[in-house]
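Peer 1:
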Amino acid sequence: MIDELRTERLLLRPLTLDDADEYFRVYGDPRTWAHLPSGRHTSREESERAIQRSIDSQVRFGFSHCAVILRDGVEGLAAGSFLGTAGASMLAFEAWNLGYRFSPEAWGRGFATEAAIAALDAARRAQPAIPVTARVLATNSASQRVLERLDVELVWRGRSADAPADDADTAHLERLIFADRPIDAATLDAVIALG
Ligand SMILES: CC(C)(COP(=O)(O)OP(=O)(O)OC[C@H]1O[C@@H](n2cnc3c(N)ncnc32)[C@H](O)[C@@H]1OP(=O)(O)O)[C@@H](O)C(=O)NCCC(=O)NCCS
1 MIDELRTERL LLRPLTLDDA DEYFRVYGDP RTWAHLPSGR HTSREESERA IQRSIDSQVR
61 FGFSHCAVIL RDGVEGLAAG SFLGTAGASM LAFEAWNLGY RFSPEAWGRG FATEAAIAAL
121 DAARRAQPAI PVTARVLATN SASQRVLERL DVELVWRGRS ADAPADDADT AHLERLIFAD
181 RPIDAATLDA VIALG
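Position one of the sequence shown corresponds to residue 1 (the UniProt record's numbering), numbered consecutively onward.
(1) Would Trp107 pass as a contact of Val132 if the rule is Cβ separation under 8 Å?
(2) When DSSP builds the beta bridges, which residues end up paired with Trp156?
(3) Apart from the five residues just before and just after Ser89, which ones in its own chain have a Cβ nearer than 8 Å to its Cβ?
(4) Check this for me: beta carbons of Pro30 and Arg44, under 8 Å apart or not?
(5) Do three or more CB pairs link the segment 68-86 to the segment 175-194 at distances below 8 Å?
(6) Relative to the C-alpha of Gly158, which residue among Leu147, Arg124, Arg149, Ala193 is closest?
(7) Determine the DSSP secondary structure at Trp107, reduced to helix, strand or coil.
(8) Where does the unbroken alpha helix (DSSP H) through Val74 begin, and where does it stop?
The following block contains the structure:
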């Protein structure tokens, strides 16, 4: 079981329901869903349910999405600030899905990269035999920049399953899939099918 992770500037710790207000502040903010507006949380309850899934995953798989807390204050952000989340969730098959979402006030300072490196390492330690994958929309350059700096490789690029093949307007739904090791065709197909 992975508990707390410390990086140079950040503390990653398991989410609790006490984080619901801060979590909803990030997950309910349209700026954090600019590339996928339908994913935005529209109620605190939705955020509570997501946190509960993380708590359950932590118990079952030894790791999950974490609260990312700033250890020492930096310009505009106080020590102890809840910056967002980073971690991994177990898919319905044997693969982790790495993810991160940060408050816009925290963007552009390398925090997501720093947290994602720690999260990737933790997911591997929690379940060494299970590959870590990450999906990103081709339009989400910031997230791609983060992934490019991790120990993962691009394994697939294409239209997501939910994009109608005949609709040129869905080019923005192109996705990239990264993985931390070679993955078999069945696993790749299953990740692609997630959309
Ligand atoms: C993706 C996200 C977590 C990045 O957070 P961050 O703390 O700003 O990330 P970092 O500072 O570690 O790195 C961001 C990189 O993207 C670059 N970047 C930021 N915005 C960009 C943009 N609009 N276009 C291109 N590159 C961009 C930054 O310049 C930086 O690269 P650099 O260090 O080479 O200059 C943050 O933008 C976010 O929360 N977005 C909304 C949620 C999301 O998209 N999550 C991922 C879903 S797959």
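We put the CB at the ideal spot given by N, CA and C, even for glycine.
Peer 2: For this structure:
(1) In the sequence shown, residue 107 corresponds to position 107, counting from 1. In the sequence shown, residue 132 corresponds to position 132, counting from 1. Not closer than 8 Å, so no.
(2) By one-based count along the sequence shown, residue 156 stands at place 156. Bridge partners of Trp156: Ile177.
(3) Here residue 89 corresponds to residue number 89 of the sequence shown, with the count starting at 1. Excluding positions up to five away in sequence, the list reads Arg53, Ser54, Ser57, Ser64, His65, Trp96, Asn97, Gly99.
(4) Here residue 30 refers to the residue found at position 30 of the sequence shown. Here residue 44 refers to the residue found at position 44 of the sequence shown. The answer is no: Cβ separation not under 8 Å.
(5) no
(6) As a working note, residue 158 is residue 158 in the sequence shown. When only C-alpha atoms are compared, the closest one is Ala193.
(7) On the sequence shown, position 107 is the one that residue 107 refers to. Trp107 falls in the coil class under three-state DSSP.
(8) The residue labelled residue 74 in the question sits at position 74 within the sequence shown. Element bounds for Val74: n/a, residue is neither H nor E.
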